[in-house]
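A.B. asks: I have a structure I would like to understand better, so I am pasting it below and will then ask my questions one at a time.
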Amino acid sequence: MGKVLIIGAGGVGTVVVNKVAQNPDVFTEIMLASRTKSKCDKIAADIKQRFGIEVKTAQVDADNVPELVTLLNAYKPELLINVALPYQDLTIMDACLEAGVNYLDTANYEPKDEAHFEYSWQWAYKDKFEKAGLTAILGCGFDPGVTSIYTAYAAKHHFDEIQYLDIVDCNAGDHHKAFATNFNPEINIREVTQRGKYWENGAWVETEPHQIHMPLNYPEVGPKESYVIYHEELESLVKNYPTIKRARFWMTFGQEYLTHLRVIQNIGMARIDEVEYNGQKIVPIQFLKAVLPDPGDLGENYTGQTSIGCRIKGLKDGKEVTYYVYNNCSHEAAYKETGAQGVSYTTGVPAMIGAMMFFKGIWRKPGVFNVEEFNPDPFMEQLNQQGLPWHELHNIDLEL
Ligand code: NDP
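The numbers in our numbering rise by one with no breaks, and the one at position 259 of the sequence shown is 248.
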């Protein structure tokens, strides 16, 4: 049915290729391309050995539009899944437009020289994708991604009006390292050290980093200190659900993690500007990435689970109702199935399902869309079949 090109051979890319290979009725031809071709070849050899499925590989610099266009014109995929870094979103979208290829990603664009992300840059491509008759699906990982689809599902089936939305993201796993990040360290540290921000009564409220926190109870996990941070799906969700009075994103952090983070910041290792070192220019956070554990290698000893969901309060038939929808994902089970840990797994599986929705013609229309703008039901069905089953609780105390 579909010819797909995946760009990015990191933790998330590994999971996407595994899940695509597990659905050969939908994905008939697969190519994996990235900056370092040897990483693609290693993943492809593993897939060949375990599933007997051929994955083509290629080297590409996704910062370079002509290079991307040459690859796209040579391979001619129908859909490109971008699981490289947020820095490459715009160059890849430009190349897709030039070569007539549909697009899906899991993180919104972020300029390299500014720790700031927002959808405006990608939303600005709406007309161009519409005119080209191409589909662009934005933010199809877990958060953003599944959390946005949970919200769309809640709005469709359980609420007339969503008023309060709290996205709660708990990683109760242990990788047995003193300090490591669960996905690309540069992107991760930029995200969690920024100022906090949430939506209330029609405006954004800014806080100091990690200023608002409280323990929240997570299913099968128990209480974990959770911190309000800004996360990109809030931007599209408050736009697409204007009845929302307050929308926040909570993430759990351990004390050890926060202490390391504070030290990293205080000594300047989180800086994203260039510094002179031994007659060479280096960016401290990029150097830090080189010495930290590779998130892709954390899987082997990772125990415990993630628990991510949406806690929602609003109105149904004139009555106030509450709703909690969530998934728990075991790091060990994720590793056993794909060789990657739970955070890569919870991102890569939804990216594959989004691509499946595209190839089945269910999520296909010209323009640029956030995932909550599509029908959530077939996607929710696939989550249960592809390794990320969800659970619902009705009319419970949301703690928030
Ligand atoms: P990794 O750093 O493990 O992998 C990134 C991959 O992209 C690497 O293979 C890297 O190549 C490749 N890459 C980087 N720059 C280029 C370039 N210029 N050209 C070609 N390839 C390039 O990251 P993750 O797999 O952890 O994350 C992938 C994406 O998923 C990120 O955008 C991240 O923000 C997003 N994400 C989304 C989540 C969600 O829930 N929505 C959660 C977690 C992550 P090389 O091997 O040479 O370095």
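Even for Gly, the Cβ is constructed at its ideal location relative to N, Cα and C.
For Gln375, verify whether its CB is less than 7 Å away from any heavy atom of the ligand NDP.
C.D. replies: No, Cβ of Gln375 sits at least 7 Å from all heavy atoms of the ligand NDP.
A.B. asks: With DSSP collapsed to three states, give me the class of Met258.
C.D. replies: Note: Met258 maps to coil in three-state DSSP.
A.B. asks: According to DSSP, which residues form a beta bridge with Lys308?
C.D. replies: DSSP, once it has assigned bridges, lists Lys305 as partnering Lys308.
A.B. asks: If we require 4 or more residues per run, which alpha helix (DSSP H) segments fall completely within the segment 273 to 337?
C.D. replies: Runs of the alpha helix (DSSP H) inside the segment 273 to 337: 273 to 280, 320 to 327.
A.B. asks: Counting Cβ pairs closer than 8 Å, one from the segment 317 to 335 and one from the segment 46 to 60, do we hit at least three?
C.D. replies: No, the segment 317 to 335 is not in contact with the segment 46 to 60.
A.B. asks: Whether or not the segment 96 to 107 and the segment 118 to 125 are in contact is what I'm after, with contact meaning three or more pairs of Cβ atoms, one per stretch, closer than 8 Å; do they touch?
C.D. replies: Touching, no, given that fewer than three Cβ pairs across the two stretches are closer than 8 Å.
A.B. asks: Hey, how far is the Cα of Val338 from the Cα of Val332?
C.D. replies: Using only the alpha carbons, I get a separation of about 10 Å.
A.B. asks: Would you check whether the ligand NDP has a heavy atom nearer than 7 Å to the C-beta of Asp52?
C.D. replies: Yes; taking the cut-off as 7 Å, the Cβ of Asp52 has a heavy atom of the ligand NDP nearer than that.
A.B. asks: In terms of residue numbering, what span does the alpha helix (DSSP H) encompassing Thr140 cover?
C.D. replies: Its alpha helix (DSSP H) spans residues 135 to 146.
A.B. asks: Rounded to whole angstroms, what's the CA-CA distance from Ala(-2) to Asp78? Just pull it up for me.
C.D. replies: Roughly 15 Å separates the two Cα atoms.
A.B. asks: At what residue ranges does the segment 197 to 269 contain a whole run of the alpha helix (DSSP H), taking only runs of 4 or more?
C.D. replies: Fully enclosed alpha helix (DSSP H) runs of 4 or longer: 222 to 229, 244 to 255.
A.B. asks: At a Cβ threshold of 8 Å, is Ile(-5) touching chain D?
C.D. replies: No chain D appears in the structure shown, which is made up of a single protein chain.
A.B. asks: Got a sec: does the ligand NDP put a non-hydrogen atom nearer than 7 Å to the Cβ of Ile126?
C.D. replies: Every heavy atom of the ligand NDP is 7 Å or more from the Cβ of Ile126, so no.
A.B. asks: Around the C-beta of Asp132, are 16 or more other C-beta atoms found within 10 angstroms, so that it is buried, or is it exposed?
C.D. replies: With 16 or more other Cβ atoms within 10 Å, it is buried.
A.B. asks: Rounded to whole angstroms, what is the Cα-Cα separation between Ala144 and Gly268?
C.D. replies: Cα to Cα, the separation comes out at about 57 Å.
A.B. asks: What's the C-alpha gap between Ala477 and Trp193?
C.D. replies: The chain is shown only over -10 to 389; residue 477 falls outside these bounds and no answer can be derived.
A.B. asks: Take Met346 as the anchor and find which of Leu281, Gly303, Asp366, Asp149 has the nearest alpha-carbon.
C.D. replies: Checking every option, the nearest Cα to that of Met346 belongs to Asp366.
A.B. asks: For the segment 293 to 302 against the segment 159 to 176, are there 3 or more C-beta pairs whose distance is under 8 Å?
C.D. replies: Result yes; three or more Cβ-Cβ pairs closer than 8 Å.
A.B. asks: Are there 16 or more other CB atoms within 10 angstroms of the CB of Arg184, so buried, or fewer, so exposed?
C.D. replies: Per the 10 Å Cβ criterion, exposed.
A.B. asks: May I ask you to report which of helix, strand or coil DSSP gives Tyr108?
C.D. replies: Here Tyr108 sits in coil by DSSP.
A.B. asks: Closest to Lys186 by CA distance: which of Leu57, Trp239, Val58, Gly2 is it?
C.D. replies: Checking every option, the nearest Cα to that of Lys186 belongs to Trp239.
A.B. asks: Express the C-alpha separation of Ala88 and Asn62 in angstroms, rounding to a whole number.
C.D. replies: Cα-Cα distance, rounded: 6 Å.
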